[in-house]
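Colleague:
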Amino acid sequence: MSLVEKCWMITSKFSVIAILIITGICFGVFVYPYMKKKREASLVSIVYIGIMSVLYLIPQQIGNFSAYMLGVVAAFLVMYVQDRRNIYQKIFLAVTFFSIRWLAVAMADRLDDFITKALVFGNTIAGRQWLQYVLYAGTRILDIVLCIVFLAVAIGLINKAYVYKNDEMSVKELVMLIIPSLVGVTGYGILQYYLNIYEKDTGKSLTDTYGFYGALSFVHYFISIIAILVMTTMFQNWKVAQEEQTGQELVLNQVSDMKKHIGEVEKLYQDIRSLRHDMGNHIQMLEHLVAENHMDDAAEYMEHLKKEWNEISPEIKTGSPVIDVILMEKLREAKEKQIRFISDFHYPGDTKLNAFDLSVILNNALDNCMENVSGENPYISISSFRKNSIFMITIKNRYEGVLTYKDCDLPETTKSGKEHGIGLHNIRRVARMYMGDISLEQENQEVVLSIMLQVE
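Per the numbering used here, the very first residue in the sequence shown carries number 8; after that it's consecutive.
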């Protein structure tokens with residue numbers, strides 16, 4: 008083997024290994040936004056590159072397609088072992104990358120084939136081996152660059168389109184999202200099959216005989232990547248519409264709750280008015296019993312009046328009848344669940360703060376507390392204070408778990424279903440209506456929700 012032939016062989020192997028490493032790095036970049044820690048995505052890249060390097064360097068026993076499938080399966084297992092939540096999303100990531108890897112590399116190969124045939128094997132330089140080698144090395148570098156560009160653009164666009172990365176993916180959503188990837192990689196396999204069969208039967212290259220075949224293949228690969236991107240975008244837009252609909256349903260439920268609260272307030276005042284109306288009769292009765300020296304009967308009558316008064320008099324007095332009713336309901340619920348409920352909340356009167364908006368905040372916040380409070384001696388506390396135009400609400404509850412944060416300042420929810428995460432977002436939405444915001448932090452085994460509102 009001559010020196011130039013050795014250089015050709017080394018360059019060819021180097022370009023294959025370089026593309027293998029690049030695709031492995033791209034795999035890690037692709038899954039990084041969905042992983043909890045950076046090292047988890049790095050490990051995905053390392054395992055993928057390691058598996059593919061071993062399969063490339065050992066004597067070939069399996070085809071390229073099967074080899075890359077093994078690499079992707081190994082990377083998927085790494086993702087699953089490190090983080091077992093949201094398994095369907097991990098399947099989506101593995102299948103999608105498997106598809107775009109073949110499609111992006113195939114697009115680069117089609118362009119590279121065209122350029123290589125035009126420059127390296129052209130008649131004008133036939134017989135000039137070193138010049139051919141230099142041009143070949145240039146096309147290998149071009150092929151690597153094209154692979155990087157196509158993969159990076161495809162991964163970047165898909166990750167940008169996939170907005171709700173922390174949402175739990177269902178089986179139906181998985182099937183919908185991976186169909187374009189499966190169609191794309193299946194089309195790639197069919198096109199390669201006919202390419203190989205033609206070359207085996209005729210000894211000629213199908214793309215050389217029919218130049219349009221290479222162009223059509225390139226178009227198919229390109230459209231397949233676009234289809235993956237479009238489906239991902241449509242899926243995320245559907246998620247946005249679903250969240251808005253859920254938010255509207257939640258608001259409607261809160262309006263219904265508000266009507267119920269108002270009805271209970273009206274009933275409370277009706278009971279108070281009835282008691283006041285009868286107060287004269289009660290006084291006369293007590294005077295009669297005392298005058299007749301029936302002290303035991305008078306004491307019993309007084310106890311009956313006190314019990315009736317306690318039943319209609321709220322234990323929590325905030326300055327707003329509507330908020331009183333909300334907190335009383337939560338107090339009763341807490342007592343049923345054996346949760347200590349502490350309230351030092353005072354409604355800021357004579358401000359622009361609307362009781363309905365405040366009820367949205369309190370209902371969502373206290374419902375979250377009721378669902379997540381845990382540990383020995385569970386408790387929920389709510390307090391407020393006002394300084395000039397700033398009104399602060401602090402809600403605390405005992406929580407033995409650990410809050411985890413991903414891409415925003417609010418923690419990941421452990422709830423599943425269509426209403427997950429809506430409560431905190433509704434609280435923030437109302438807070439921002441009053442030029443304020445919220446924060447949720449954990450201090451040891453206590454979760455603290457702070458809500459700031461400007462009420463003047």
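Beta carbons: idealized from backbone N, C-alpha and C, even for Gly. Nothing here was measured: the structure is a model prediction, and the numbers come from that model.
1. So, for D90: in the same chain, excluding its five sequence neighbours on each side, which residues have a beta-carbon less than 6 angstroms away from its beta-carbon?
2. Could you tell me how far apart the beta carbons of A362 and S327 are, in whole angstroms, since I believe they sit closer than 8 angstroms?
3. Buried or exposed: which applies to L370, given that a residue is buried once 16 or more other Cβ atoms fall within 10 Å of its Cβ?
4. Tell me where the alpha helix (DSSP H) around M176 begins and ends.
5. On a CA-only basis, which of W15, I24 and I232 is nearest G145? Give me that one, please.
6. Pick helix, strand or coil for S396, following the three-state DSSP scheme.
7. Buried or exposed: V329, going by 16 or more other Cβ atoms within 10 Å of its Cβ?
8. For the alpha helix (DSSP H) that R499 lies in, which residues bound it at each end?
9. Where I235 and S366 are concerned, what is the direct C-alpha to C-alpha distance, given to the nearest angstrom?
10. Got a sec, what are the start and stop residues for the beta strand (DSSP E) D357 sits in?
11. For the candidate residues L410, N71 and F352, whose alpha-carbon lies nearest to that of Y195?
12. Using the three-state DSSP reduction, which class does V237 fall into: helix, strand or coil?
13. Taking the CB atoms as reference points, tell me whether S22 and R117 lie closer together than 9 angstroms.
14. Considering only their Cβ atoms, is the gap separating V170 from V102 smaller than 9 angstroms?
15. Between which two residues does the alpha helix (DSSP H) carrying L10 extend?
16. Count the other C-beta atoms from every protein chain shown that fall within 10 angstroms of the C-beta of V38, then say buried if there are 16 or more, exposed otherwise.
17. Helix, strand or coil: which one does DSSP assign to F348?
18. Suppose you measure from the CA of F121 to the CA of Y217; what does that come to, to the nearest Å?
19. For W137, count neighbouring C-beta atoms within 10 Å of its own C-beta (all shown protein chains included) and say buried if the count is 16 or more, exposed if not.
20. So, helix, strand or coil for E310, using DSSP?
21. Suppose the cutoff is 8 angstroms on Cβ atoms and the five residues either side in sequence are ignored; what does the same chain contact list for M2 look like?
22. Go ahead and pull the three-state DSSP assignment for L149.
23. Please name the residue or residues paired with S391 in a DSSP beta bridge.
24. With a CB to CB cut of under 6 angstroms and the five nearest residues on each side skipped, what residues in its chain are close to A81?
25. Kindly indicate which residue of K167, E453 and M292 has the alpha-carbon position closest to the one of N384.
26. Tell me, which residues are paired with R405 by DSSP?
27. Go ahead and pull the three-state DSSP assignment for I323.
28. Since I believe Y228 is in contact with M377 (beta carbons under 8 angstroms), could you give me their beta-carbon distance rounded to a whole number of angstroms?
29. Report the rounded CA-to-CA distance for H301 versus E294, giving the unit in angstroms.
30. Measuring CA to CA, which of F99, D119 and Q139 is closest to I186?
31. Determine the DSSP secondary structure at E448, reduced to helix, strand or coil.
32. For Y75 versus E180, is the C-beta spacing smaller than 9 angstroms?
33. By a C-beta neighbour count over all protein chains shown, 10 Å radius and 16 as the cutoff for buried, is D374 buried or exposed?
34. Could you give the first and the last residue of the continuous alpha helix (DSSP H) run that contains R339?
35. Using a Cβ-Cβ cutoff of less than 6 angstroms, which residues in the same chain neighbour T214 once the five nearest sequence positions on both sides are dropped?
36. Inspect the beta-carbon positions of V192 and F105 and report whether they are closer than 9 angstroms.
Modeller: Checking against the coordinates, here is how it stands:
1. Position 83 of the sequence shown holds residue 90. Closer than 6 angstroms at Cβ, skipping near neighbours: K43.
2. By one-based count along the sequence shown, residue 362 stands at place 355. By one-based count along the sequence shown, residue 327 stands at place 320. Contact between A362 and S327 holds, with the beta-carbon distance rounding to 6 angstroms and staying under 8 angstroms.
3. Translated into the one-based positions of the sequence shown, residue 370 becomes position 363. The question names Leu, but residue 370 in the sequence shown is Asn. That one is buried.
4. Numbered from its first residue, the sequence shown carries residue 176 at position 169. Note, M176: premise wrong, no alpha helix (DSSP H); not H, not E.
5. As a working mapping, residue 145 is identified with position 138 in the sequence shown. It is W15 whose Cα lies nearest to the Cα of G145.
6. Taking the first residue of the sequence shown as 1, we reach residue 396 at position 389. Coil.
7. Position 322 of the sequence shown, counted from the start, is the residue given in the question as residue 329. Its Cβ being crowded by 16 or more others within 10 Å, V329 is buried.
8. This structure does not reach residue 499, given that the chain is present from 8 up to 463, and the question cannot be answered.
9. Numbered from its first residue, the sequence shown carries residue 235 at position 228. Numbered from its first residue, the sequence shown carries residue 366 at position 359. I235 and S366 have their alpha carbons spaced roughly 43 angstroms apart.
10. Counted from its first residue, the sequence shown places residue 357 at position 350. Element bounds for D357: n/a, residue is neither H nor E.
11. Within the sequence shown, residue 195 is the residue found at index 188, counting from 1. For Y195, the closest C-alpha among the options L410, N71 and F352 is that of N71.
12. Reading the sequence shown from its first residue, position 230 is the one you call residue 237. Reduced to three states, the DSSP call for V237 is helix.
13. Here residue 22 corresponds to residue number 15 of the sequence shown, with the count starting at 1. Here residue 117 corresponds to residue number 110 of the sequence shown, with the count starting at 1. Their beta carbons are not under 9 angstroms apart, which means S22 does not touch R117 by this criterion.
14. Here the question's residue 102 lines up with position 95 in the sequence shown. Here the question's residue 170 lines up with position 163 in the sequence shown. Taking the C-beta atoms as reference points, V170 is found no nearer than 9 angstroms to V102.
15. The sequence position of residue 10 within the sequence shown is 3, counting from 1. Where L10 is concerned, the enclosing alpha helix (DSSP H) starts and stops at L10 to V38.
16. The residue labelled residue 38 in the question sits at position 31 within the sequence shown. That one is buried.
17. Numbered from its first residue, the sequence shown carries residue 348 at position 341. Three-state result, F348: strand.
18. To locate residue 121, count along the sequence shown from 1; it is residue 114. To locate residue 217, count along the sequence shown from 1; it is residue 210. Approximately 13 angstroms, taken between the alpha carbons.
19. Residue numbering aside, residue 137 sits at position 130 when the sequence shown is read from its first letter. It counts as exposed.
20. On the sequence shown, position 303 is the one that residue 310 refers to. Reduced to three states, the DSSP call for E310 is helix.
21. This structure does not reach residue 2, given that the chain is present from 8 up to 463, and the question cannot be answered.
22. Counting from one through the sequence shown, the residue named residue 149 turns up at place 142. The answer is helix: DSSP assigns L149 an H, G or I state.
23. As a working mapping, residue 391 is identified with position 384 in the sequence shown. Its beta-bridge partners are I400.
24. As a working mapping, residue 81 is identified with position 74 in the sequence shown. Counting only Cβ-Cβ distances below 6 angstroms, and skipping sequence neighbours, we find V54 and I58.
25. Taking the sequence shown and counting its residues from 1, the one referred to as residue 384 is at position 377. N384 has its Cα closest to that of E453, out of K167, E453 and M292.
26. Mapped onto the sequence shown, residue 405 falls at position 398. Paired residue(s): E453.
27. The residue labelled residue 323 in the question sits at position 316 within the sequence shown. Three-state DSSP puts I323 in coil, outside helix and strand.
28. Taking the first residue of the sequence shown as 1, we reach residue 377 at position 370. Taking the first residue of the sequence shown as 1, we reach residue 228 at position 221. In this structure, M377 and Y228 do not form a Cβ contact; the two beta carbons are roughly 53 angstroms apart against a cut-off of 8 angstroms.
29. Residue numbering aside, residue 301 sits at position 294 when the sequence shown is read from its first letter. Residue numbering aside, residue 294 sits at position 287 when the sequence shown is read from its first letter. Straight-line Cα distance between these residues: approximately 10 angstroms.
30. Locating residue 186 in the sequence shown gives position 179, where the first residue counts as 1. Put simply, of F99, D119 and Q139 the residue whose alpha carbon is nearest the alpha carbon of I186 is F99.
31. Numbered from 1 along the sequence shown, position 441 holds the residue referred to as residue 448. Reduced to three states, the DSSP call for E448 is strand.
32. Position 68 of the sequence shown, counting from 1, holds the residue named residue 75. Position 173 of the sequence shown, counting from 1, holds the residue named residue 180. No, Cβ-Cβ distance for Y75 and E180 is not below 9 angstroms.
33. Locating residue 374 in the sequence shown gives position 367, where the first residue counts as 1. Its Cβ having fewer than 16 others within 10 Å, D374 is exposed.
34. The residue you call residue 339 lines up with position 332 of the sequence shown. In the DSSP annotation of this structure, the continuous segment of the alpha helix (DSSP H) that includes R339 starts and ends at P328 to E343.
35. Residue mapping note: residue 214 aligns to position 207 of the sequence shown, counting from 1. Y220 and G221.
36. The sequence position of residue 192 within the sequence shown is 185, counting from 1. The sequence position of residue 105 within the sequence shown is 98, counting from 1. In this structure, F105 lies closer than 9 angstroms to V192 by Cβ.
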